[in-house]
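The next block holds one structure in the form of C-alpha cells; read it before the comments.
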Amino acid sequence: RGCDQRKRLVPVNARLWVDVQLPPPDPILAGCWDAGCKAVVVGDSKARKSFFALQLAVQLASGRGPFLRWSLPKARSVLLVQPEIPAGHFQARLRAMLRGLGLRADALADRLHILNLRGVGFTDDVWDEMEGTALGVHAESLIMDPFYKLLHDGDENLARDVRPILRRLDGLCENTGAGALTVLHTPKGTAGDRKAIDRSAGSGIVARDFDAGLYLGEHAQGDGALVVESVLRAYPPCDAFSIRFDCDAGIFRIADDLAPVARTSRTRTARGPDAASCHAALLGLLASGPLPVRAFDERARERLGVGEKRFRELRAGLLEEGRLATSPREGRPHGRLFIGTPEQIRELVSGWANTNPDCFGGRM
Numbered sequence: 015r016g017c018d019q020r021k022r023l024v025p026v027n028a029r030l031w032v033d034v035q036l037p038p039p040d041p042i043l044a045g046c047w048d049a050g051c052k053a054v055v056v057g058d059s060k061a062r063k064s065f066f067a068l069q070l071a072v073q074l075a076s077g078r079g080p081f082l083r084w085s086l087p088k089a090r091s092v093l094l095v096q097p098e099i100p101a102g103h104f105q106a107r108l109r110a111m112l113r114g115l116g117l118r119a120d121a122l123a124d125r126l127h128i129l130n131l132r133g134v135g136f137t138d139d140v141w142d143e144m145e146g147t148a149l150g151v152h153a154e155s156l157i158m159d160p161f162y163k164l165l166h167d168g169d170e171n172l173a174r175d176v177r178p179i180l181r182r183l184d185g186l187c188e189n190t191g192a193g194a195l196t197v198l199h200t201p202k203g204t205a206g207d208r209k210a211i212d213r214s215a216g217s218g219i220v221a222r223d224f225d226a227g228l229y230l231g232e233h234a235q236g237d238g239a240l241v242v243e244s245v246l247r248a249y250p251p252c253d254a255f256s257i258r259f260d261c262d263a264g265i266f267r268i269a270d271d272l273a274p275v276a277r278t279s280r281t282r283t284a285r286g287p288d289a290a291s292c293h294a295a296l297l298g299l300l301a302s303g304p305l306p307v308r309a310f311d312e313r314a315r316e317r318l319g320v321g322e323k324r325f326r327e328l329r330a331g332l333l334e335e336g337r338l339a340t341s342p343r344e345g346r347p348h349g350r351l352f353i354g355t356p357e358q359i360r361e362l363v364s365g366w367a368n369t370n371p372d373c374f375g376g377r378m
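Heads up: take any position in the sequence shown, counting from 1, add 14, and you land on the working numbering.
Right, dumping it as C-alpha cells:
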C-alpha cells in the first residue's frame, strides 16, 4: 500500500502471513466504505449530489444514522472540502440540512470542519496544506465536492492530467488514515443505459480507481426520484434502492414505494409517472392538513417533476373523483383558496364559520 515510490517492496510469506493478526476494517459506512479507502458519488446535474454529500457529512459528524440504507458504526470527524459554492450559500445549506435532520449545531460536537475554497487553485502547496489540516482536525473522513475542481491545470478527460490527483488522494488516505470521498458528474446522455461503473464523466481511470462507488441515477418514473446503486471492491454489492429529495425538509429520504428501476433510453420517452403514483404523491402532500392552492401547486409540481398541463390533468382527476376539494376564499373577496381532502376542507370551513360568522353565514 502507499504512494511513496521510495518504499521498499517487501513481499510477505503467505504461509506465515495467514496467522498474522491484521487490524480489522474500520467502516465509515457499514458494508460499504472503510477508513483509509477511497469512495466516489456519481450523478447527473439534477441529482443534488452536493446535498447528498452534505447530508452524509452532517450525519457522519453527528453519528445520527442510518444514512439512508447504511448504518453508521460511530460518529466521525469530517473534513468537508467545497471549492464550488460561495460560503454564504453553503452556510445556508448547512443550516437547512441541520433543521431538516432535526439536529442542533451542538450535535456536531466540533467533528465537522469545512474548507470553503472557492477561487483557490489546487496547487501542490494547497494539497500539502489540506493534508496538514486533515491531520490537525483528526479527520477520519474527507469529502471533496466536486472532483473536477481538484484539477489545478489540466483536463478531467485526460488520464495523464487525472493521475496526479488520484495519487494525491491515495496519499491523503495513506498519510491521514481517513477515507476520502469525491463527487463526480455524469456525461450527457441517459446514464441508465450504461453500467454503473461507466457512468462518470472524464477519464475512465477515475471511474475505476475507488473502493466504493455510489451512483445516483434518475428513476424510470421521474418524479424527481433517484435510484442508488453501488459498486464495491471489498464488500458484496448492496441492493439498489430508491430515494427522493424532500424539498420541504431539504434532505434525502428513502422512497420505499418505488421499486429501484433506473431510467434508460427505452423508458425516457414515456409520458412520466403513472397516474396512480402521481395521485398518491399529491395526496401525500396533504398528510398534515390542507394547503393554500398556490403553495400546493408549487410543491406538487416540484415533487412530481411534470409539466403544467400534465399537473392540471392530475389535479382535475382527483377533484372529479371527489378525493380532493377546494374551499371558498378565506375572508372574502381577496382571501386565499385552500385545497385538501373533502374532510379537511369541511373541517377548515367549519372553523372559519365559527370564528367569522359574518363572512360564512354561520354555517358551511
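Note that beta-carbon positions come from the ideal geometry of N, C-alpha and C, so glycine has one too. Note that the structure is predicted; figures quoted are calculated from it, not measured.
Cβ-Cβ distance between Leu272 and Leu296 below 8 Å: no
Identity of the residue in Glu154, Ile128, Phe81, Gly298 nearest Asp262 by Cα: Gly298
Given 8 Å, three or more beta-carbon pairs between the segment 129–145 and the segment 86–106: With the rule of 3 Cβ pairs closer than 8 Å, the segment 129–145 counts as touching the segment 86–106.
Assumed close pair Gly114, Asp237 - CB separation to whole angstroms, cut-off 8 Å: That pair is no contact at about 19 Å.
Own chain partners of Ala269 with C-beta closer than 7 Å, once the 5 adjacent residues on each side are dropped: Ala239, Ser256, Ile257, Arg258
Identity of the residues DSSP links to Gly193 by a beta bridge: Ser155
Backbone secondary structure at Gly150 - three-state DSSP: helix
Limits of the alpha helix (DSSP H) - the one that Val72 falls within: 63–76
Residues bridged to Thr340 (per DSSP): Ile353
Host alpha helix (DSSP H) of Ala226 (start-end): Run containing Ala226: none in the alpha helix (DSSP H); it sits in the beta strand (DSSP E), 226–232.
Cβ separation of Glu101 and Arg125, assumed to be a contact under 8 Å, to the nearest whole Å: The residue asked about is misnamed: residue 101 is Ala in this sequence, not Glu. At roughly 20 Å, the Cβ-Cβ gap does not stay under 8 Å, so Ala101 and Arg125 are not in contact.
Rounded straight-line distance, which links the Cα of Val242 to that of Arg277: 12 Å
8 Å CB neighbourhood of Glu335 in its chain, flanking five on each side removed: none
For Val56 and Phe224, the rounded distance between their alpha carbons: 12 Å
Distance between Ile359 and Ala61 (C-alpha atoms, nearest Å): 36 Å
DSSP-derived helix/strand/coil call for Ile99: coil
Nearest candidate by alpha-carbon position, reference Ala192, set Leu198, Leu183, His199, Pro38: Leu183
Limits of the unbroken beta strand (DSSP E) element including Asp260: Where Asp260 is concerned, the enclosing beta strand (DSSP E) stretches over 255–260.
Cβ-based neighbour list, Leu175, same chain, cut-off 6 Å, excluding 5 preceding and 5 following: The amino acid occupying residue 175 in the given sequence is Asp; Leu does not appear at that position. For Asp175, where only same-chain residues beyond five positions count, the Cβ hits under 6 Å are Gly168, Asp169.
Other residues of its chain near Leu165: CB distance less than 8 Å, five sequence neighbours each side excluded: Counting only Cβ-Cβ distances below 8 Å, and skipping sequence neighbours, we find Phe136, Asp175, Val176, Ile179.
Exposure label - Leu338; buried when at least 16 CB within 10 Å: By the neighbour-count criterion, in which 16 or more other beta carbons inside 10 Å mark a residue as buried, Leu338 falls on the buried side.
6 Å Cβ shell around Ser64 - same chain, five flanking residues per side excluded: Cβ within range, chain order: Asp159.
Whole-angstrom distance between Gly77 and Ser85, CA atom to CA atom: 10 Å
Spatially closest choice to Leu68 from Arg109, Arg308, Ala28, by CA coordinates: Of Arg109, Arg308, Ala28, the residue nearest in Cα terms is Arg109.
Rounded separation between Ala314 and Phe266 - CA only: 17 Å
Cβ pair Leu198, Val54 closer than 8 Å: yes
DSSP state of Arg377 mapped onto helix, strand, coil: Any reading at Arg377 must be qualified, since the residue scores a pLDDT of 35, below 50, and its modelled position is unreliable; the value itself is stated next. Coil at Arg377, not helix or strand.
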